[in-house]
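Using my numbering, the first residue of the sequence shown is number 4, and each one after it goes up by one. Quick reminder that beta carbons are idealized off the backbone N, C-alpha and C, glycines included. Being a predicted model, the structure only gives us computed values, none of them experimental. To start, the structure under review is shown below, and the notes come after it.
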Amino acid sequence: MTASTPPHDDLIRSAARRLKGHQRRLFQAEVARALCGGNPRAAERRFRWGRDAVATGLHEASQGIRCVEDFAARGARPSEEKDPQLAADIRAIVEPCTQADPERKSPRRYTNLSAAEVLQALKDHHGYQADRLPGERTLRDIVNRMGYRLRRVQKAKPLKKLPETGAVFANVAACRTRYQGDPETLEISVDTKAKVSEGDYCRGGKMPDGFPGPDTPRPRP
């Protein structure tokens with residue numbers, strides 16, 4: 004294989020795009036040796052490959068080694084890593100207004116502050132200038148990466164008042180006044196807002212410690 008027509012060059016470039024990392028560099032090095040005299044700059048001009056990648060592939064192929072990719076170090080660093088003081092100030096603002104997951108299904112914490120409110124607090128209480136602060140959408144991503152969720156917890160929302168609520172409490176007050184002081188009447192207060200599963204639907208079908216399960220043989224009286 005000593006020459007290659009332009010259609011074949013397109014085919015070679017397409018094959019290289021389908022490979023990743025070490026395999027792509029080895030393929031580029033093999034093509035460079037066969038068609039470009041082992042010259043990374045010639046491979047760059049002909050196939051529009053990065054000459055540094057071709058040179059690395061040639062070195063790997065000749066030495067029989069593999070260079071480890073450090074993909075995590077690529078790209079821009081997050082704002083909270085570049086500016087630790089900004090991260091500390093954001094945490095100081097958000098932490099007092101957070102609440103843990105009521106169901107304990109995740110370690111994420113929820114806050115009722117919005118990104119705009121956090122930005123305004125950074126300006127008012129910590130003296131940040133606008134040119135040092137990220138945008139509202141970027142700040143929302145920063146807070147999420149720090150383990151907070153910018154939304155109100157369902158449990159913290161006020162309950163919707165039904166039309167019958169006033170009549171129910173009026174009836175309770177009337178009954179309390181009527182039977183107050185009656186020794187034959189027992190007053191019991193019951194909170195019925197929370198839904199509690201019982202029986203086989205409680206705790207995934209598992210009984211609490213110390214209680215026999217539904218299939219456990221019970222002693223005869």
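What does a CB cutoff of less than 8 Å around residue i pick up in its chain, not counting 5 residues either side in sequence?
i: Glu139; result: Ala118, Ala119, Leu122
i: Asp92; result: Leu125, His129, Tyr131
i: Asp55; result: Pro43
i: Asp12; result: Arg49, Phe50
i: Arg94; result: Met149
With distances taken Cα to Cα, identify the nearest neighbour of residue i among the options.
i: Cys70; options: Asn115, Lys23, Trp52; result: Lys23
i: His62; options: Gln183, Gln88, Gly40, Arg28; result: Arg28
i: Gly60; options: Arg49, Glu84, Gly78, Val34; result: Val34
i: Arg49; options: Ala176, Arg94, Leu14, Arg148; result: Leu14
i: His25; options: Arg54, Gly53, Arg51, Glu72; result: Glu72
i: Met17; options: Ile68, Trp52, Val175; result: According to the sequence as given, residue 17 is Ser; it is not Met. It is Trp52.
i: Arg36; options: Pro10, Arg21, Ser65; result: Ser65
i: Val193; options: Pro10, Ala133, Val175; result: Val175
Classify residue i: buried if its beta carbon has 16 or more other beta carbons within 10 angstroms, exposed otherwise.
i: Cys178; result: exposed
i: Gly169; result: exposed
i: Ile145; result: buried
i: Leu38; result: buried
i: Leu142; result: buried
i: Glu83; result: buried
i: Thr114; result: buried
Would you mind giving the Cβ-Cβ distance between residue i and residue j, rounded to the nearest angstrom? I have them listed as a contact below 8 Å.
i: Ala58; j: Pro43; result: 4 Å
i: Leu89; j: Cys100; result: With 8 Å as the limit, Leu89 and Cys100 do not qualify as a contact, their Cβ atoms being about 18 Å apart.
i: Gln31; j: Ala45; result: Not confirmed; about 12 Å, so no contact.
i: Tyr151; j: Val97; result: 5 Å
i: Pro81; j: Arg148; result: 7 Å
Per DSSP, which residues does residue i bridge with? Please list them.
i: Tyr113; result: Gln102, Arg152
Which same chain residues end up closer than 7 Å to residue i when comparing Cβ atoms and leaving out the 5 residues on each side of it in sequence?
i: Ala234; result: Missing from the structure shown is residue 234; the chain here goes from 4 to 224 and no further.
i: Ile191; result: none
Measuring only between beta-carbons, confirm whether residue i sits less than 7 Å from chain B.
i: Arg49; result: No chain B appears in the structure shown, which is made up of a single protein chain.
Going by the C-beta, is residue i closer than 6 Å to any heavy atom of the ligand ZN?
i: Val146; result: As far as ligands go, the structure on display features none, and thus does not contain the ligand ZN.
In its own chain, which residues sit with a C-beta less than 6 Å from the C-beta of residue i, not counting the 5 before and 5 after it?
i: Pro166; result: none
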